[in-house]
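Quick notes on the structure that follows.
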Amino acid sequence: MVPGARLVLLGKQGAGKGTQCTRLALHYIVPHISTGDIFRAAVRAGTEFGKKAREYMDAGELVPDEVVIGVVKERLDQDDTKTRGFVLDGFPRTVHQADALDTVLAPRGLDLAIDLEVDTTVVLQRLASRRVCVNCGANYSVDSPPKVNWTCDICGNEVIQRADDTEGAIKRRLDLYEEQTAPLIAWYLERDKLVAVNGEGHPDTVTNRLIRAIDHRREPQG
Ligand code: AMP
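Under numbering that gives the first Met the number 0, read the sequence shown as residues 0 to 221, first letter to last.
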């Protein structure tokens, strides 16, 4: 296996990016960088930055490109990502963000962008039943709750429905995905960086599919 990895996971809200990125980060021993998690942590900390981000997030709108790009640049400048790599979750979400990422990662660039494909009817179902830990962001659902009384199996904090998992915000986020993020699939395809993976089925099955697809593309050929 090629050590480390520089990966981006694309996919609609509710496609399972968070769950699968956590698993890929453990498998490839790289940091999992979720812009959504970074913003939610800032909201919890009550910083000015968090208060601004919250207005966009609760409405299902995108945080402005320059703000997100600044946050990601700072994170990618740390030693762990420089030496090992990363799995990016929720970034890039616009072509402008993808361009900025390309510039930051030059000359080596990204290994792969993976499109985690899940039908819209499935993501709507998943988002309606999704529950998350307020502290560590671990994902649960009404059908697969934590073991004890809606407290997180990992860190023991409260497990709740996300403030932006309301019907209106979900619709807005899915519309924005089609408008702003789906064009990235063609963008990465043109640069020969894209691999599509079926994101439906049991999470373990999806993880195995992802690892197979990633290793296949990253093994030195010849
Ligand atoms: P997520 O957890 O990835 O669904 O992100 C939650 C919210 O954070 C999004 O609905 C946006 O408001 C904001 N956000 C996260 N990542 C980005 C990004 N790359 N660009 C703009 N806004 C983002």
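Glycine included, C-beta positions come from ideal geometry on N, C-alpha and C.
- The beta carbon of residue 91 lies closer than 6 Å to those of 97, 100 in the same chain, with the five residues before and after it left out.
- For residue 125, the closest alpha carbon among the candidates 164, 68, 49 is that of 164.
- DSSP places residue 130 outside any alpha helix (DSSP H); the residue lies instead in the beta strand (DSSP E), whose first and last residues are 129-132.
- Between residue 186 and residue 71, the gap from beta carbon to beta carbon reaches 9 Å or more.
- Residue state for residue 168 is assigned as helix, using DSSP reduced to three classes.
- Put simply, of 133, 216, 5 the residue whose alpha carbon is nearest the alpha carbon of residue 106 is 5.
- Residue environment analysis places residue 77 among the exposed positions, since fewer than 16 neighbouring C-beta atoms fall within 10 angstroms of its C-beta.
- Assignment of residue 35 by DSSP, reduced to helix, strand and coil, places it in the helix class.
- For the 9 Å CB-CB criterion, residue 39 and residue 56 form a contact.
- Annotated as proximal: residue 114 and residue 195, with beta-carbon spacing under 9 Å.
- The beta carbon of residue 33 sits closer than 8 Å to at least one heavy atom of the ligand AMP.
- Per DSSP, the continuous beta strand (DSSP E) segment holding residue 114 begins and ends at 111-116.
- Look at the region 6-82 and you find these whole runs of alpha helix (DSSP H), each 4 residues long or longer: 16-27, 34-44, 47-57, 64-75, 78-82.
- Sequence-distant partners of residue 3 (beyond 5 residues in either direction) whose C-beta falls short of 7 Å from its own C-beta, in its chain, are 27, 29, 83, 84.
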